[in-house]
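Enquirer: Residue 21 in numbering that gives the first Met the number 0 sits at position 22 of the sequence shown, with consecutive numbering throughout.
Please read through the structure below; I'll follow up with questions.
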Amino acid sequence: MLEEILQSTRQRVEALRPASAELVASAASAPPTRGFAAALANDGLQIIAEIKRRSPSAGPIAPHIDPAVQAKLYETGGAAALSVLTEPHFFAGSLEDLQAARAAVKIPVLRKDFIVDELQLHQARVARADAVLLIVAALEESALRDLHDVATGIGLDVLVEAHNLDEVEVANRCGAALIGVNNRDLHTFKTDLATAETLASSVESTIRVAESGVSSPAGASRMAAAGY
């Protein structure tokens with residue numbers, strides 16, 4: 000499934016090539032970001048609330064969601080930041096969802112997508128994302144480093160995602176300030192909160208994020224107890 004998603008993503012990137020110069024120029028003049036990492040660095044458990052219309056594993060989740068309305072509800076409920084799916088084919092997301100959500104709130108917003116090319120970083124900046132997700136399983140280590148450096152260079156915070164010890168070590172080596180341990184295996188799409196618990200002590204970033212499968216206060220408390 001992951002490779003299928005990545006193939007689709009590469010096709011989307013190729014469609015961006017003709018507008019690459021315009022994207023880079025627009026990103027360079029984009030307003031300042033809101034500080035995704037800073038929002039998560041506050042004391043106590045900080046929640047990243049997600050806007051997701053569907054997923055390959057669950058099917059339709061909230062296909063008719065209004066991103067602006069949901070974003071406001073999350074902010075009012077105390078979320079520190081938002082994550083908005085922008086992958087269109089497998090998750091039914093869009094940059095328009097991200098833009099609508101961000102315009103409705105004051106908290107920072109992460110573009111959650113499968114980033115494989117720096118053009119997507121400039122595109123995210125133009126869409127007013129405050130941070131992006133880079134997935135270790137989707138990238139060679141050298142590409143991860145390059146994308147991390149480009150992203151931070153244009154003002155984006157970066158959440159580097161890992162799922163096993165080898166991937167955590169790659170994330171550590173790239174110097175990521177934000178490392179997320181995904182409880183979901185992107186090859187099988189099964190989730191297990193024990194993944195984040197097991198790997199917590201190996202994560203060297205200042206801020207640790209537990210991703211996926213956290214759907215209740217009990218689950219959130221469990222992740223907080225593990226050091227996230």
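Virtual Cβ for every residue (Gly too), placed ideally from N, Cα, C.
Let's see if you can read the secondary structure: which residues bound the alpha helix (DSSP H) around Leu-97?
Expert: Taking the sequence shown and counting its residues from 1, the one referred to as residue 97 is at position 98. Run containing Leu-97: 94 to 103, per the alpha helix (DSSP H) assignment.
Enquirer: Rank Ala-193, Ser-204 and Gln-119 by C-alpha distance to the C-alpha of Cys-231 and give the top, closest one.
Expert: Absent from the model: residue 231. The displayed extent of the chain is 0 to 227, so no value can be given.
Enquirer: What are the complete alpha helix (DSSP H) segments, minimum 4 residues, inside the region 7 to 88?
Expert: 19 to 27, 35 to 39 and 66 to 75
Enquirer: On the CB-based measure, 16 or more other CB atoms within 10 Å of its CB, does Asn-41 come out buried or exposed?
Expert: As a position in the sequence shown, residue 41 is number 42, starting the count at 1. Asn-41 should be labelled exposed.
Enquirer: Just the C-alpha distance for His-147 and Leu-109, rounded to the nearest angstrom, thanks.
Expert: For the purposes of this step, residue 147 is taken as the residue at position 148 of the sequence shown. For the purposes of this step, residue 109 is taken as the residue at position 110 of the sequence shown. C-alpha separation (whole angstroms): 14 angstroms.
Enquirer: What does the Cβ neighbour count give for Pro-17, buried or exposed, with the cut at 16 atoms within 10 Å?
Expert: Numbered from 1 along the sequence shown, position 18 holds the residue referred to as residue 17. It is exposed - the Cβ of Pro-17 has fewer than 16 other Cβ atoms within 10 Å.
Enquirer: Does the Cβ of Arg-9 have 16 or more other Cβ atoms within 10 Å, making it buried, or fewer, making it exposed?
Expert: One-based indexing of the sequence shown puts residue 9 at position 10. Counting Cβ neighbours within 10 Å, Arg-9 comes out exposed, since fewer than 16 surround it.
Enquirer: Could you round the C-beta distance between Asp-96 and Ile-47 to whole angstroms and report it? I think they count as a contact, below 8 angstroms.
Expert: Numbered from 1 along the sequence shown, position 97 holds the residue referred to as residue 96. Numbered from 1 along the sequence shown, position 48 holds the residue referred to as residue 47. Wrong, their Cβ atoms sit about 16 angstroms apart, outside the cutoff.
Enquirer: In whole angstroms, what separates the C-alpha of Ala-36 from that of Ile-206?
Expert: One-based indexing of the sequence shown puts residue 36 at position 37. One-based indexing of the sequence shown puts residue 206 at position 207. Looking at the two C-alpha atoms, the distance is approximately 8 angstroms.
Enquirer: Could you tell me the alpha carbon to alpha carbon distance between Met-0 and His-186, rounded to whole angstroms?
Expert: By one-based count along the sequence shown, residue 0 stands at place 1. By one-based count along the sequence shown, residue 186 stands at place 187. The straight-line gap from Cα to Cα measures roughly 6 angstroms.
Enquirer: Hey, out of Glu-74, His-162, Leu-198 and Arg-144, whose CA is closest to Phe-188's CA?
Expert: What you label residue 188 is simply residue 189 of the sequence shown in a count that begins at 1. The shortest C-alpha separation from Phe-188 is found at His-162.
Enquirer: What's the gap between the Cα of Ala-27 and the Cα of Ala-217?
Expert: Walking along the sequence shown from the start, residue 27 turns up at place 28. Walking along the sequence shown from the start, residue 217 turns up at place 218. So the two alpha carbons sit approximately 42 angstroms from each other.
Enquirer: Going by the DSSP bridge assignment, what does Arg-207 pair with across the sheet?
Expert: In the sequence shown, the residue the question calls residue 207 occupies position 208. The partner list for Arg-207 (beta bridge, DSSP) reads Ile-178.
Enquirer: Can you tell me which residues form a DSSP beta bridge with Leu-132?
Expert: Position 133 of the sequence shown, counting from 1, holds the residue named residue 132. DSSP lists Leu-158 as partners of Leu-132.
Enquirer: For a test of the three-state rule: what should DSSP assign to Thr-151, helix, strand or coil?
Expert: The sequence position of residue 151 within the sequence shown is 152, counting from 1. In the structure shown, Thr-151 sits in a helix (DSSP, three-state: H, G or I).
Enquirer: Would you mind stating whether Glu-210 and Asn-171 have Cβ atoms separated by less than 8 angstroms?
Expert: Numbered from 1 along the sequence shown, position 211 holds the residue referred to as residue 210. Numbered from 1 along the sequence shown, position 172 holds the residue referred to as residue 171. Their beta carbons are not under 8 angstroms apart, which means Glu-210 does not touch Asn-171 by this criterion.
Enquirer: Just the Cα atoms here: how many angstroms apart are Glu-117 and Ser-19?
Expert: Position 118 of the sequence shown, counted from the start, is the residue given in the question as residue 117. Position 20 of the sequence shown, counted from the start, is the residue given in the question as residue 19. Approximately 10 angstroms, taken between the alpha carbons.
Enquirer: Between the region 140 to 158 and the region 97 to 105, do at least 3 Cβ pairs fall closer than 8 angstroms?
Expert: no
Enquirer: Taking DSSP as the reference, what is the three-state secondary structure of Val-202?
Expert: Within the sequence shown, the letter at position 203 stands for residue 202. If DSSP states are grouped into helix, strand and coil, Val-202 belongs with coil.
Enquirer: Within the same chain, show all residues whose beta-carbon is closer than 7 angstroms to that of Ala-223, passing over the 5 residues directly before and after it, in chain order.
Expert: Taking the sequence shown and counting its residues from 1, the one referred to as residue 223 is at position 224. Cβ within range, chain order: Leu-44.
Enquirer: Is it right to say Glu-241 is buried, meaning 16 or more other beta carbons lie within 10 angstroms of its own, or is it exposed?
Expert: Nothing about residue 241 can be read from this structure; the chain reaches only from 0 to 227.
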